[in-house]
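Asker: In the numbering used here, the protein residues as written are 5 to 266.
If you scroll down you'll find the structure; I have some questions about it.
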């Protein structure tokens, strides 16, 4: 079956059964994908406040009830413990494991945050004739830590992570226009052009994801990224934090256009 045409429930079934373990870019096109961060209830309010103060990298789409793994607003038949292709386990800020489900890690006081993902606006970009390099090259989107600092909330603070897509010079304005319609999934770019200006030393060596080719007629364009909580985890060092593995998202039942503004 063409992965782009899968309905969300079938896509999640394939992921749950480990029939799909790769990044989800281009899967179930037209349906919103979400980053995820899971924390113990005692840290949930501080993290929610952090997201509220940092809506560009951390736009919240849904928050689960403590101990309940069902994202009722965006995918009421999903289970956040099994329906992402790959998860990361952080203990005291250190990445300790990558797994395909988190059933053995789930506890009764955990809260899952579903955060908007820039994969959501890739389909609209393609509909406007702008190709997506990491989809064309069958790899993960490149992501980088920056020198852009987030707004502190309680114990949560640290650098913003950005995702990068090479855009032809003549299409940059259109890319800004298209993505600006999706403020709930990172919206307009945070930077266009020189990577060094936001603290990226070598654009060929992303901190997360894969390197992609940049052609002579293209400019790197950077969007705020929902992997930011993972960079924060490395700095804040909570006892336990579970996240999606970069590029491995939850596919929701929401259509991309549900989050578009006119």
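The beta-carbon is built from N, C-alpha and C at its ideal position, and this holds for glycine as well.
1) For residue 250, verify whether its CB is less than 6 angstroms away from any heavy atom of the ligand ZN.
2) Does the Cβ of residue 71 have 16 or more other Cβ atoms within 10 Å, making it buried, or fewer, making it exposed?
3) Leaving aside the five residues before and after residue 42 along the sequence, list all residues of the same chain whose C-beta is less than 6 angstroms from its C-beta, in chain order.
4) How big is the Cα-Cα spacing for residue 256 and residue 223?
5) If we ignore side chains and look at the alpha-carbon of each, how far apart do residue 12 and residue 35 end up?
6) Should residue 200 be labelled buried (16 or more other beta-carbon atoms within 10 Å of its own) or exposed?
7) Taking only three categories from DSSP, how would you classify residue 193?
8) Per DSSP, what kind of secondary structure is residue 179 in: helix, strand or coil?
9) Which same chain residues end up closer than 7 angstroms to residue 157 when comparing Cβ atoms and leaving out the 5 residues on each side of it in sequence?
10) How about residue 213 and residue 145: do their beta carbons lie closer than 7 angstroms?
11) What first and last residue would you give for the beta strand (DSSP E) that runs through residue 93?
12) So the candidates are 92, 235, 97 and 127; which of them puts its Cα closest to the Cα of residue 110?
13) Mind checking whether residue 104 and residue 22 have CB atoms under 7 angstroms apart?
14) Applying the criterion that 16 or more other CB atoms from any shown protein chain within 10 Å of the CB defines a buried residue, is residue 239 buried or exposed?
15) When we look at the beta-carbon of residue 76 and count the other beta-carbons within 10 Å, is it buried (16 or more) or exposed?
16) In terms of DSSP beta bridges, what is residue 167 paired with?
17) Tell me the residue span of the beta strand (DSSP E) that contains residue 45.
18) Buried or exposed for residue 250, please, with buried defined as at least 16 other CB atoms from any protein chain shown within 10 angstroms of its CB.
19) Could you tell me if residue 84 is buried or exposed, where buried requires 16 or more neighbouring beta carbons within 10 angstroms of its beta carbon?
20) Taking all protein chains shown into account, do 16 or more other C-beta atoms lie within 10 angstroms of the C-beta of residue 80, making it buried, or fewer, making it exposed?
21) Can you list, in chain order, the residues of its chain with a C-beta nearer than 6 angstroms to that of residue 88? Leave out the 5 residues immediately preceding and following it.
22) Measure the C-alpha to C-alpha separation of residue 206 and residue 197 and round it to an integer number of angstroms.
23) Rounded to the nearest angstrom, how far is the Cβ of residue 161 from that of residue 154, given a contact under 8 angstroms?
24) Can residue 122 and residue 173 be called in contact, C-beta distance under 7 angstroms?
25) Starting from residue 116, trace the beta strand (DSSP E) both ways and give me its first and last residue.
26) Does DSSP put residue 202 in a helix, in a strand, or in coil?
Answerer: On the basis of the coordinates in this document:
1) This structure does not include the ligand ZN; it has no bound ligands of any sort.
2) Exposed: under 16 other Cβ atoms inside 10 Å.
3) So the list reads 114, 116 and 246, once near-sequence residues are dropped.
4) 31 angstroms
5) 7 angstroms
6) exposed
7) In the structure shown, residue 193 falls within a coil segment according to DSSP collapsed to helix, strand and coil.
8) helix
9) Annotation for residue 157: 50, 53, 54 and 57 place their beta carbon closer than 7 angstroms to its own, counting only its chain and skipping 5 residues before and after.
10) yes
11) 91-95
12) Comparing Cα-Cα distances from residue 110 to each of 92, 235, 97 and 127, the minimum goes to 92.
13) yes
14) exposed
15) exposed
16) Residue 167 is bridged to 147 and 227.
17) Taken as a continuous stretch (DSSP letters only), residue 45 belongs to no beta strand (DSSP E), being part of the alpha helix (DSSP H) at 45-57.
18) buried
19) The residue is buried, with at least 16 neighbouring Cβ atoms inside 10 Å.
20) exposed
21) 248, 252 and 254
22) 13 angstroms
23) Going by Cβ atoms, the distance from residue 161 to residue 154 rounds to 6 angstroms, so yes, they are a contact pair.
24) No.
25) 114-120
26) helix
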